[in-house]
Amino acid sequence: MAQTVKTKGSEFAPDWRFQQPVDWRDTDIDEAALKQWFNYMLLGRQIDYRFQVLNRQGRAPFIISCAGHEAAQIGVSWPLKPKHDWLAPYYRDVVLCMRMGMTPLDLMLAVLAKPADPASGGKQTPGHFSDSRLNITSGGSPVAAQMVRGAGVAYALKMDGTDKVLMTCYGEGAGSEGDAHEAFNFASIYKLPEIFVCENNGFAISTPMRKEYAIEHVAQRAAGYGFPGVTVDGRDPVTCYHVAKEAVARARAGQGPTLIECVVDRLGAHSSEDDQRRYRSQEEIDQLAQNDCLERFKKRLLDEGILTAKEVAEYEERVKDEVSKATKEGIESPDAPAENAYTNVYGVDAPKAIDPAAGVEVEEMNMVAALRSCLTEEMERDERVMVLGEDVGAKGGVFLVTDGLYKKFGEARVIDTPLAESSIAGVALGLAVAGKRPVAEMQFTDFAHYAFNSIVNEAAKYRYRTDGDWSVPMVVRAPMGGHAHGALYHSQS
19 MAQTVKTKGS EFAPDWRFQQ PVDWRDTDID EAALKQWFNY MLLGRQIDYR
69 FQVLNRQGRA PFIISCAGHE AAQIGVSWPL KPKHDWLAPY YRDVVLCMRM
119 GMTPLDLMLA VLAKPADPAS GGKQTPGHFS DSRLNITSGG SPVAAQMVRG
169 AGVAYALKMD GTDKVLMTCY GEGAGSEGDA HEAFNFASIY KLPEIFVCEN
219 NGFAISTPMR KEYAIEHVAQ RAAGYGFPGV TVDGRDPVTC YHVAKEAVAR
269 ARAGQGPTLI ECVVDRLGAH SSEDDQRRYR SQEEIDQLAQ NDCLERFKKR
319 LLDEGILTAK EVAEYEERVK DEVSKATKEG IESPDAPAEN AYTNVYGVDA
369 PKAIDPAAGV EVEEMNMVAA LRSCLTEEME RDERVMVLGE DVGAKGGVFL
419 VTDGLYKKFG EARVIDTPLA ESSIAGVALG LAVAGKRPVA EMQFTDFAHY
469 AFNSIVNEAA KYRYRTDGDW SVPMVVRAPM GGHAHGALYH SQS
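All you need for this note's numbering is the position in the sequence shown, starting with 1, plus 18.
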């Protein structure tokens with residue numbers, strides 16, 4: 019059966035609440051905004067339909083649907099300021115990304131793998147949205163990676179002292195990843211200007227939520243990290259807007275993150291590679307149509323006299339024409355030559371060696387002192403340079419490489435992190451994406467394996483998978499073989 023939303027709280031989650039439905043007249047939303055929402059939702063659904071057609075025609079070998087998520091996406095995104103605030107999207111966020119500035123043509127270019135695709139130049143499968151001009155950070159296929167990267171972006175926004183916020187979206191399946199925990203923890207510790215949005219459609223491909231979580235509501239997790247969580251009916255865009263506006267205001271005011279759980283319906287299969295009839299009954303599939311958020315919102319607008327049946331038909335026809343035009347332009351856009359597969363693999367070549375300046379006295383020092391001198395010099399020269407890692411602050415690192423930096427440059431630029439290597443590297447990536455120059459320290463190389471995904475799947479591929487739109491100016495430093503009698507896990511010599 020389709021998901022239901024329970025409204026009772028839990029003594030173990032005192033900061034969690036279920037948001038009761040809100041009437042749009044009790045908000046600052048007017049009829050014009052509701053009509054805009056309807057237009058966005060129609061666009062999302064029509065684009066989804068066109069994707070399916072292109073898939074059946076063999077033009078788009080892989081597609082992933084947003085059907086059933088449209089109401090939640092337009093509601094939570096409406097308090098954001100496009101081209102000002104930042105977004106770390108999840109792969110179904112078609113409507114949310116359009117709200118932030120992407121166009122139907124952008125989305126068609128992506129699904130058709132055209133080189134003009136602003137997200138990846140046709141190098142990624144669709145759903146991995148990205149555009150540096152719109153502050154939409156690039157997503158990859160390993161789920162939850164956007165969450166630790168987002169924490170780094172949000173930290174940079176806080177450092178800059180602006181009122182910008184980041185919205186990080188994910189599906190409830192990704193909440194089982196360790197990166198989700200690390201992101202929640204880091205965001206809460208530093209009271210980051212971040213809004214986490216879980217679009218909970220009840221299935222991680224085929225695995226139902228009861229096999230993913232031991233709690234009733236995803237948002238109840240927030241209390242364990244010390245920030246508010248709220249569950250909302252994701253089929254109701256007005257109520258989604260209400261809770262998102264509150265969360266965005268908290269973030270702008272420096273009060274830290276919020277977790278919003280939007281309970282939605284996945285109206286179709288997980289992707290074009292999936293057949294949901296293998297794990298959902300026909301009765302359940304049939305019932306999904308009755309919960310369709312687009313049809314519910316359309317009925318609401320008609321019942322309240324905000325739109326007439328004639329006006330609804332006009333909206334639908336205009337949207338159909340707009341998406342048809344975008345589809346035609348996308349198909350006619352030139353295909354990528356084969357050599358594009360090898361472009362933007364690396365950044366601009368750095369000098370292989372740096373010669374000392376003439377006439378400068380050279381001081382002989384050991385490796386630790388040399389590293390400390392280098393970091394000090396660069397942090398004095400460029401305020402964007404910062405250090406993060408375990409015990410790098412007051413202690414100065416286990417090898418004392420960062421000794422004195424905490425006192426000289428302050429805790430904002432010398433970050434003592436939790437023991438969480440994936441987020442150390444992931445946060446560094448987010449900092450770099452948002453304009454900083456982070457140096458991430460792995461306390462021992464032996465423990466860097468925890469950060470494999472953040473380094474190999476994320477940082478190393480970021481330039482390539484965005485076709486050069488983003489760069490990642492970050493350093494990961496890890497000592498190796500420098501500890502006597504360290505045995506298996508502290509030597510690696």
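Even for Gly, the Cβ is constructed at its ideal location relative to N, Cα and C.
Going by C-alpha to C-alpha distance, which of the options sits closest to residue i?
i	options	result
residue 475	451, 444, 504, 449	444
residue 449	170, 461, 395	170
residue 166	491, 485, 439	439
residue 404	295, 447, 454	454
residue 335	71, 363, 64	64
residue 257	130, 287, 296, 94	94
residue 52	81, 158, 317	317
residue 172	135, 116, 103	103
residue 249	494, 35, 505	35
residue 108	491, 158, 458	158
residue 394	414, 266, 50, 206	414
residue 493	471, 446, 499, 388	446
residue 342	281, 461, 50, 68	68
residue 356	128, 132, 121, 289	132
residue 70	504, 288, 340	288
Looking at the unbroken alpha helix (DSSP H) that takes in residue i, where does it start and where does it end?
i	result
residue 196	196-207
residue 345	327-350
residue 257	255-270
residue 17	Since the displayed the chain opens at 19 and closes at 511, residue 17 lies outside it and no answer follows.
residue 498	Run containing residue 498: none; DSSP gives neither H nor E here.
residue 392	385-399
residue 482	480-483
residue 507	505-508
residue 73	49-74
Can residue i and residue j be called in contact, C-beta distance under 7 Å?
i	j	result
residue 146	residue 110	no
residue 259	residue 216	no
residue 218	residue 279	yes
residue 226	residue 245	no
residue 154	residue 185	no
residue 175	residue 211	yes
residue 126	residue 345	yes
residue 137	residue 150	no
residue 430	residue 177	yes
residue 437	residue 459	no
residue 112	residue 62	yes
residue 515	residue 312	The shown model of the chain, from 19 to 511, leaves out residue 515, and the question about it has no answer.
residue 277	residue 240	yes
residue 198	residue 222	no
residue 380	residue 266	no
Count the other CB atoms within 10 Å of the CB of residue i; is the residue buried (16 or more) or exposed (fewer)?
i	result
residue 464	buried
residue 298	buried
residue 308	exposed
residue 48	exposed
residue 412	exposed
residue 378	exposed
residue 29	Bear in mind that the predicted position of residue 29 carries a pLDDT of just 45, short of 50, making it unreliable; the figure below should be weighed with that in mind. Residue 29 should be labelled exposed.
residue 300	exposed
residue 364	exposed
residue 397	buried
Rounded to whole angstroms, what is the Cα-Cα separation between residue i and residue j?
i	j	result
residue 452	residue 314	39 Å
residue 496	residue 509	12 Å
residue 441	residue 481	19 Å
residue 385	residue 416	14 Å
residue 349	residue 90	30 Å
residue 22	residue 294	Bear in mind that a pLDDT of 44 at residue 22, under 50, signals an unreliable position, so the model cannot answer this.
residue 19	residue 39	For residue 19, the predicted structure reports a pLDDT of 42, less than 50, and the residue's modelled location is therefore unreliable. A value from the coordinates is still provided. Roughly 22 Å separates the two Cα atoms.
residue 366	residue 489	10 Å
residue 322	residue 99	28 Å
residue 467	residue 478	15 Å
residue 328	residue 194	46 Å
residue 425	residue 115	42 Å
residue 263	residue 306	28 Å
residue 97	residue 290	32 Å
residue 507	residue 56	57 Å
residue 242	residue 232	14 Å
residue 84	residue 191	16 Å
residue 434	residue 461	12 Å
residue 78	residue 72	5 Å
For the beta strand (DSSP E) that residue i lies in, which residues bound it at each end?
i	result
residue 34	34-36
residue 458	455-459
residue 418	Taken as a continuous stretch (DSSP letters only), residue 418 belongs to no beta strand (DSSP E), as it is neither H nor E.
residue 360	No beta strand (DSSP E) contains residue 360, which DSSP labels as neither H nor E.
residue 129	No beta strand (DSSP E) contains residue 129, which is instead part of the alpha helix (DSSP H) from 122-129.
residue 378	Counting along the chain, residue 378 falls outside any beta strand (DSSP E), and DSSP gives it neither H nor E.
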